[in-house]
Amino acid sequence: MGLLRVGKPMGWHEALPIVPYVKEHGIQQFLNLYNKLKDRSGDVLKWGDEIEYMIIKRDDDAKTVKLSLRAKQILENLVLSELEYWREHSNNPDAVAPDASWKPEYGRFMIEGTPFFPFEGDISYYLKCEESMAKRREIAESLLEEDESLISMTMFPLIGAIKDLVHPPVDETTHNSSHSQYLPDEVINEHPRFPTLTANIRERRGGKVCILVPLFMDTNTDPEVGQRVPWDNIEQPLSTEDLDFKMSQRSPTQFFLYSDRINVFDNTAKVLSPDDTIPPASPCQQILPSTAPMIHMDAMGFGMGCCCLQTTFQARDIVEARNVYDQLAVICPIFLALSAATPIVRGLLAETDVRWNIVSASVDDRTPKEKAYIAKSRYDSISSYIGTGPQAVQYSDLELEIDQKVYDLLVDNQVDQVLARHVAHLFVRDPLVIFTDYDKVDDEMDTDHFENIQSTNWQTVRFKPPPANSTIGWRVEFRVLEVQMSDFENAAFAVFVILLSRVIIAFDLDFYMPLSRVDMNMALAHKRDAVNCEKFVFRTNIQDKSADAIYSQLTIGEIMNGKGDEFVGLIPLVVKYLDGLTDLDAQGRNQLNQYIELLSRRASGELMTAAAYLRKTVREHPEYKQDSVVTEEIAYDLVRLADRISSKQEIPVEMFGNLLKK
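In this text, residue positions in the sequence shown follow our numbering: the first is 126, and each later residue adds one.
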């Protein structure tokens, strides 16, 4: 998660005077990298996935589960094979590489696994993805204790809902970084970057983060249950922020707000002051009226303690990366809803099915005054297209905040205006963690200061320049997918997204639509059972770039599977692409067809999403009281269910039909 390095991070007030330095050198590092590599071309497809797991401690007699804080110990053993490989590889280029690479995550109970080397573009690598995921799970599970489970669920059902949350037991009164009413700081990774990041977000914004998720109202649900500290029965106000806020001390910056609905490069753009009034939340955060019963959370751990599935691919060149970035951004709400897996929040059933807005609010470092002119959290949907064609300007209809000094510097150095606006928008944010040796970074050789800004702009898709001094090319990261309980599901989503990126290029597809409508779709994607209950605005003439966009309101089933003559559907296009491949044998095609059928049947409603099945399991549990409360025994059974699904000991027909075999 973000930039990890050895060193001593500074607290917020110590770092404040250094913020202008980091931003100034960060943009210079981007320019140096851009000028070196903007003409790089001819890179081949390489891709990979990232899966985050949580480690759970079980008491099978008491039927309870807790977060196991052994991630560091397990990671130390996991990386031994990587270290040994690199030592041997220096003398033996034919050394056998390990199967996986492992990284720490925000939670002390979390680990992240990726393929050791990226997959290549040959179709055979699409067939290795699930095998790689299964091998990663097997390797990590081999280091567990007998009463531990490695599960790929988005959110631990009881996080923030029970007092004795972790194992081994800790002093759960320590909240120096988060100041949380619900979570001890011991859930945060020991690496100094993570507690510093947590504290600096809180200090920068002037108070604790405030996360609100609509509560699912069942027959016996108490509407106030989501606003109480469960073990003390203390009711929390819906706004937990302090009254005495301080603005961030930043470099002398004029914020400009551009609206492409008029003229993207109109120099009469409005200069903003803190008194200007703009809706304080992006459309994808506006789900239900503020009077609706809410589940309250107050710490970064609720968001960054979630697990997810991400895919990244290398493009041929910067132009391909920018154009596919735009197309995938439109698809994000559809795949967020289709992969929905988060119906339980802080021990309660929610009226939502996905994690995205929880994470968004958990890292929202804006002060109240900044919310008047910065519309979104730094973890949110994209706010501008970056493609090289005219559609990127035409359909970027959101008002976009930019750092004017950064924009001017980029344009003066021959960065095109569209890309300059994207980067200048990233630099509206302050660096959140600065290390004491910040002035030892060489701008010609390193990109640490740029990555400090880039890696903490967590958007639905991420445009990734090549790392300094690397053979890696321009990349795009697809970030919205909810992690699934089985490797089969995770492989289906990961492989389909990469296949879709190939289809976009091969068939020159055009998904462009106004970003305001994409944000509306993000809002719909959060709703309970959005796959079956909502219609999404979507462009239907995606194979005709010469025409203006034609839109229709379609279900996710219609977007994925098609709707007669009105819309061809994403899955039929992927099938058409596969039909044209000559190096795919019958066995491989059958495996890909299984992935496609899973997504097709979930999109149509024939099969349940993970969120729908977990919700059903809770509501049918004998201990459930129709009060929206997920008890410790219910949570235990959910963890055991995830365990059995991942090992194929249990294959719910409602989720898989006949697609997955034991």
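We treat Cβ as the ideally placed atom computed from N, Cα and C, and that holds for glycine. The structure displayed is predicted, hence computed values, not measured ones.
Between Y159 and V536, the C-beta gap is not smaller than 9 Å, which leaves the two residues out of contact. In this structure, the CA atom of G682 is about 12 Å from the CA atom of G689.
Excluding its 5 nearest sequence neighbours in each direction, S502 has C-beta neighbours in its own chain below 6 Å: S485, D489, listed in chain order. The beta carbons of A424 and S487 sit closer together than 9 Å. Of the candidates D185, G246, L200, T477, the residue whose Cα lies closest to the Cα of P229 is L200. Less than 9 Å separates the beta-carbon of G173 from that of F244. Short of 6 Å from the beta carbon of G512, and not among the five residues preceding or following it, lie these beta carbons of its own chain, in chain order: R447, N448, D451. Relative to S206, the option among G687, F241, T189, E237 whose CA is nearest is F241. Assigned with DSSP and collapsed to three states, M425 falls in helix.
A buried status is given to H292, since no fewer than 16 other beta-carbon atoms sit within 10 Å of its beta-carbon. Annotation for N345: K750, Q751, D752 place their beta carbon closer than 7 Å to its own, counting only its chain and skipping 5 residues before and after.
The alpha-carbon separation between Y231 and G426 amounts to approximately 8 Å. The Cβ neighbour count for Y504, taken over all protein chains shown within 10 Å, is at least 16; the residue is labelled buried. When rounded, the separation of the alpha-carbon atoms in T279 and I483 is 11 Å.
For the pair D571 and A220, the Cα-to-Cα distance works out to about 29 Å.
By the criterion of a C-beta distance shorter than 8 Å, R329 is surrounded in its chain by W137, S373, D490, T492, D555, L557, once the five residues flanking it on both sides are discounted.
Inter-segment contact for the stretch 145-163 and the stretch 253-261 is absent: fewer than three beta-carbon pairs are separated by less than 8 Å. Looking only at S464, L322, E270, N594, the smallest Cα-Cα distance to R183 is reached by E270. Taking the C-beta atoms as reference points, F575 is found no nearer than 9 Å to L474.
Annotation for K148: no beta strand (DSSP E) segment contains it, though the alpha helix (DSSP H) segment containing it runs 144-162. A Cβ-Cβ distance of about 28 Å is found for the pair G730 and L252, leaving them out of contact under the 8 Å criterion.
Comparing C-alpha distances from M429 to each of I143, L322, A517, A617 shows the shortest one belongs to L322. Taking a C-beta distance under 9 Å as the contact criterion, K191 and E315 do not qualify as a contact pair.
Comparing alpha-carbon positions, the option among G351, P355, E349, H300 lying closest to K333 turns out to be H300.
Checking the DSSP bridge columns, you'll see D184 partnered with T189.
Going by C-alpha positions, Y637 is about 17 Å away from L544. If you compare the alpha carbons of I667, K288, E659, P317 with that of W356, the shortest gap goes to K288. Per DSSP, the unbroken alpha helix (DSSP H) holding D537 starts and ends at 529-537. The C-beta distance from L606 to S464 rounds to 5 Å, short enough to fall under 8 Å. DSSP places M342 outside any alpha helix (DSSP H), giving it a letter other than H or E. Q678: member of the beta strand (DSSP E) spanning 676-679, first to last residue. From the listed residues I776, K773, G331, the smallest Cα separation to K494 is found for G331.
Around the Cβ of G598, a 10 Å sphere holds 16 or more other Cβ atoms; the residue is buried. Distances from the CA of S506 to each of K530, V444, R642 were compared; the closest alpha carbon is that of R642. Taking C-beta atoms as the reference points, P223 and Y210 count as a pair closer than 9 Å.
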